[in-house]
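Just below is one structure, and these are the notes that go with it.
Protein chains in written order, with the working numbering: chain A, 180 to 424; chain B, 180 to 424; chain C, 180 to 424.
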């Protein structure tokens, strides 16, 4: 079992190391894996769809510390959810609601108390990390949480027809799930229509295409170059299927 | 207990992995936490103030490998300092002197011998990492160090009225400590005067403000956007309090 | 013994965490070290030379998961090679062939079977990581590999007179090995001729120089600034010795 970080704290910045030092303190023997610390900044909806897809790639039993939290310091709540064998700790702002909506066996808890010395601007370190460590070490549920029926903020959990992430190769992930899709379909983005290719080397050079990527999402790519740069793609842009399904 | 890296070796570069492989060799069971590997390049003074604040966020007992070392290959010395329950290994160029100056219970050692095969340009891997591993495993002090009264290079340890770090959100950390400050004070930077806000969502949209951040330093931020970009901020710029304290 | 990642998956991206979660699953107690996840994208030749130099910095016994794989999804094979006490798992596209060509005691295996659920676009996670974990835990060779005489794709293993890597300081690594070089030699790059300096502070300010870096390669640098920016350097550019050896 490992603790998985999914945050927008920045892979190169000074935040995740501080979080890890808290996890080390309260869950000393547990491996910490930096799954993604460059989740779309401030973008809860796109991050929620990315997390829902990414989490399924990880074996059951793992604990996620998931934080994209533009409302830190407001009165939004913190929650723990358990969905189909995986646990998640983070803000109750919709980030955990897409995977919640898609899950079957589930439970939810509100975080009701934390250290009075917690920094108002860094609940990731001072509120969520200690709870994640408690979940990881089996000391959960405890007196600092209260069971609730469901997260308070629930975003729609069906597919999101937007670009939700762009990787460093310039491939653009959408919030569309790939399962069962006809490869005849064409994907429209910024007035361009893209055809399907199974893998990179089967796509025509210099042309954008869509395929189902390794976390099960429809992705826009271009052989040997950055689709994002060549096609002018950004997180949040709308995509659309054209033609018959 | 963990080994904490604080360097300017680059989070994405090939240096920290080599350092970690040495730590793994000499301190096999000890967790390595990458606290910050993007400390202000070549800027010992700003890094020294950032480290002094950051280190206090980490429990006592940890060992820091702290390296911002533009003089690697010159005859500057290497040192180990122990200050109030935490240990630090790095160059004797001022980097460890701010936390030294602020500490109470302390000791210092000069590193007097190391492998003859050490690369002239990478003391982090070949000189400092083996010593940090020895400290972490309790084999310290040993025959490779000599106790000294204090570090040789001592920078002033009072507040530094400069921007010392800019995070990936574009928030600018200053070297001013926040404790006991009146929230009536205004902070001047580049001819602008900024008021205080307690947290991001209490600040007016599109306006810079100052607040005390999660490592206890005065920070310049802007709600929902990059203060550094909007206000033209860079590491090393001077800041100043205006009005009565 | 540790598992060493050398990939072009991106240090800040969502790929290495997924790989690490597979390593954690199949080799639970083994440390994972991120040696470099920003190897020159799609550039197998430059990466092969960088890896050959870098690997020698790491003690024998370690296992490398080495992936720069523009042909993922084609019918290129996967291999395991053992060279002089270190093991390497990756694509058979030349990436492991430079260190192979320079080695003495060696063995090679082709990966012949893997999970039918492996993603076509992410063999790093679904094919190579499970094999690397097996090597790390001693469950190798196993029924999923077949011994072969040598890798199929063999690049020349003598020095490569090109820039193979640029670090975040702006220093440019070449594929030239430094051992036994006369310091009288001058290195030509983009019609400029650079002299030798032993270390940074012995080089004239504002002037490029070459020296033998901490992984034994000839490197182009400039005191206190980015040689890459000042001299217009990029991975793949040719370099050349001028004058008598």
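Ideal placement from N, C-alpha and C gives every residue a C-beta, glycine not left out. This one's a predicted model, so the numbers in the text were calculated from it and none came from an experiment.
Supposed close pair residue i, residue j - CB separation, criterion 8 angstroms
i              : j              : result
residue 244(C) : residue 308(C) : 6 angstroms
residue 184(C) : residue 211(C) : 7 angstroms
residue 365(B) : residue 422(B) : 6 angstroms
residue 214(B) : residue 196(A) : 4 angstroms
residue 293(C) : residue 306(C) : 4 angstroms
residue 191(C) : residue 191(A) : 7 angstroms
residue 330(A) : residue 394(A) : That pair is no contact at about 22 angstroms.
residue 270(C) : residue 281(C) : No, residue 270(C) and residue 281(C) are not in contact; Cβ-Cβ is about 19 angstroms, not under 8 angstroms.
residue 342(A) : residue 224(A) : Going by Cβ atoms, the distance from residue 342(A) to residue 224(A) rounds to 12 angstroms, so no, they are not a contact pair.
residue 344(B) : residue 219(B) : 6 angstroms
Proximal chain A residues relative to residue i, where beta-carbon distance stays under 8 angstroms
i              : result
residue 377(B) : 252, 299
residue 204(C) : 238
C-alpha gap between residue i and residue j, whole angstroms
i              : j              : result
residue 391(C) : residue 352(C) : 9 angstroms
residue 406(A) : residue 372(A) : 13 angstroms
residue 278(B) : residue 299(C) : 52 angstroms
residue 193(B) : residue 363(B) : 46 angstroms
residue 413(C) : residue 383(A) : 27 angstroms
residue 419(A) : residue 209(A) : 42 angstroms
residue 186(C) : residue 381(A) : 23 angstroms
residue 240(B) : residue 326(B) : 20 angstroms
residue 379(C) : residue 252(B) : 8 angstroms
residue 226(A) : residue 276(A) : 11 angstroms
residue 400(B) : residue 336(A) : 33 angstroms
residue 189(C) : residue 237(B) : 28 angstroms
residue 170(C) : residue 315(C) : No answer is possible for residue 170(C): the residues shown for chain C start at 180 and end at 424.
residue 216(A) : residue 328(C) : 42 angstroms
residue 242(C) : residue 268(C) : 8 angstroms
residue 346(C) : residue 355(C) : 16 angstroms
residue 361(B) : residue 324(A) : 35 angstroms
residue 374(B) : residue 273(C) : 59 angstroms
residue 319(C) : residue 203(B) : 23 angstroms
residue 334(B) : residue 357(B) : 20 angstroms
residue 370(C) : residue 386(C) : 14 angstroms
residue 263(C) : residue 286(C) : 9 angstroms
residue 181(C) : residue 290(C) : 21 angstroms
Residue-level contact to chain B via CB, residue i, 8 angstroms cutoff
i              : result
residue 196(C) : no
residue 422(C) : no
residue 181(C) : yes
C-beta neighbour in chain A for residue i, strict 8 angstroms
i              : result
residue 348(C) : no
residue 236(B) : yes
residue 372(B) : no
Interface partners of residue i on chain C, CB under 8 angstroms
i              : result
residue 214(A) : 193, 196, 197, 200
residue 403(A) : 221, 249
Residue i, buried or exposed, once every other Cβ within 10 Å from all chains shown has been counted against 16
i              : result
residue 310(B) : buried
residue 207(C) : exposed
residue 284(B) : exposed
residue 409(C) : exposed
residue 265(A) : buried
residue 261(A) : buried
residue 411(C) : exposed
residue 321(C) : exposed
residue 398(A) : buried
residue 452(B) : Outside the modelled stretch of chain B, which goes from 180 to 424, sits residue 452(B), for which no answer is possible.
CB contact below 8 angstroms: residue i versus chain C
i              : result
residue 269(B) : no
residue 137(A) : Because chain A here runs from 180 to 424, residue 137(A) falls outside it and cannot be looked at.
residue 380(A) : yes
residue 217(A) : yes
Cutoff 8 angstroms: residue i Cβ touching any chain D Cβ
i              : result
residue 189(B) : Judged by its chain identifiers, the structure shown contains no chain D, and its protein chains are A, B and C.
7 angstroms Cβ cut-off: residues of chain B touching residue i
i              : result
residue 392(C) : 300
residue 210(C) : 203
Contacts that residue i makes with chain A (C-beta to C-beta distance below 9 angstroms)
i              : result
residue 304(C) : 236, 393
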